[in-house]
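In the working numbering, the protein residues as written are 7 to 339. Virtual Cβ for every residue (Gly too), placed ideally from N, Cα, C. Predicted model only: the values in this text are computed from it and were never measured. Comments concern the structure below.
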Ligand code: SF4
């Protein structure tokens, strides 16, 4: 058993200083990190507890009409906060689709951003081939069980997917991640926060060493009237998405003024379906247009041997989610 030391940070500057020590990592809710430690996947030497830093556990309005969600806000508190429920229902739905009530009560927004993939080979150290866990060792999923793996944006190094529901909604809403580190504060547009695997699948995000996530900013609410988060999974609760779709629309009658569509369960990062959005923008929402847009979203899909079904499932999920966002009862116009 490895010895682990524990330190409680009193403020952001202290946390950033403390995490510079060898083998140190931040711990918030711990719902993912403790799993990784118990399985021997993560072996930190020092835990820097950030849960007592004041000011990071609130949701506040911003001068531009958006909101700021502190990194220590629990997922259940964010899901049920009046500002989130009323102005960002897409995000509230995504929070409530994630994990179990017990986990949502513990997990923080900052930790959710950093959830690691749920690829079984990554979590089971009996499998020696995993480039994400041990760079250069190979990828057991390529020839193994890959039903739940990526169909977009993967590399020969790694075909894992990002497991978060929250991240999919934040991608559709064009959130901004605020971080503080040794070089000061910076803001990372959500599309740039998570990485595709390329030849470094061991690196999930663009966070620099020692940076602490302090908040997520959401732009003014443009999609509160027409939004839907659809999660397709193997069982009704406490399961990761096979496919998920965050659909948000601005509508003028039956015309789509602006469409935002992000997909989960398909790639190493939340996947914005930009081609589909462009085909819907400025168009009447007909089923023909929507089916064409869904096909465009998956045009570049490269499924694995066990997950070819995901291509059609994702197309159908897009059609259903956009219809539901538009208020078409039952998901069909
Ligand atoms: Fe590891 Fe990625 Fe391959 Fe899974 S898909 S075994 S996480 S390298």
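In its chain, beyond the 5 residues on either side, 183 have a beta carbon closer than 6 Å to the beta carbon of residue 194. Judged by DSSP secondary structure, residue 74 falls outside any alpha helix (DSSP H) and instead within the beta strand (DSSP E) spanning 73-76. Annotated three-state conformation of residue 131 is coil, per DSSP. For residue 207, the Cβ falls inside the 7 Å cut-off from some heavy atom of the ligand SF4.
With fewer than 16 other CB atoms across the displayed protein chains lying within 10 angstroms of its CB, residue 288 is exposed. Distance between residue 167 and residue 154, taken at the CA atoms: about 8 Å.
Residue 21 and residue 59 do touch by the CB rule: their CB atoms are close to 6 Å apart, below 8 Å. Under the three-state reduction of DSSP output, residue 200 falls in the strand class.
Residue range 39-44 is occupied by the alpha helix (DSSP H) that includes residue 41. By the neighbour-count criterion, in which 16 or more other beta carbons inside 10 Å mark a residue as buried, residue 250 falls on the buried side. Proximity of the beta carbon of residue 273 to the ligand SF4 is not indicated: no heavy atom of the ligand is located closer than 7 Å.
Closest in alpha carbon position to residue 94, among 280, 329, 254 and 310, is 254. Just so you know, the alpha carbons of residue 69 and residue 224 end up roughly 12 Å apart. Out of 144, 227, 252 and 37, the CA that lies nearest to the CA of residue 106 is found in 37. Between the region 290-302 and the region 221-235, the count of C-beta pairs closer than 8 Å stays below three; the two stretches do not touch.
Here DSSP, grouped into helix, strand and coil, assigns residue 257 to strand. Residue 280 carries a helical assignment under DSSP once its states are collapsed to helix, strand and coil. Within the model, the alpha-carbon separation for residue 324 versus residue 242 is close to 19 Å.
Check the Cα spacing between residue 211 and each of 312, 219, 199 and 203: the tightest is with 199. As the crow flies, the alpha-carbon of residue 181 is around 30 Å from that of residue 294. Residue 127 is a Cβ neighbour of residue 147, given a cutoff of 8 Å. Residue 274 sits close to residue 202, with the two beta carbons spaced by under 8 Å. Residue 218 is positioned such that its CB atom lies closer than 8 Å to that of residue 186. Residue 170 is not bridged by DSSP to any residue. Summarising the contact set, residues whose Cβ lies nearer than 5 Å to any heavy atom of the ligand SF4 are, in chain order, 125, 127, 128, 136, 137, 138, 145, 146, 147, 164, 165 and 166.
At least 8 Å separates the beta-carbon of residue 213 from that of residue 196. Bounds of the alpha helix (DSSP H) holding residue 315 are 315-331. For residue 195, the three-state secondary structure derived from DSSP is strand. Close CB contacts of residue 131 within its chain, under the 8 Å cut and outside five residues either way in sequence, are with 45, 46, 47 and 139 (chain order). Residue pairing by DSSP places residue 190 opposite 187 in a beta bridge.
A Cβ-Cβ separation of about 6 Å places residue 96 in contact with residue 229 under the 8 Å criterion. Pairing residue 116 with residue 77 gives a Cβ-Cβ distance under 8 Å. Cβ neighbours of residue 161 within its own chain (closer than 6 Å, five residues either side excluded): 203 and 204.
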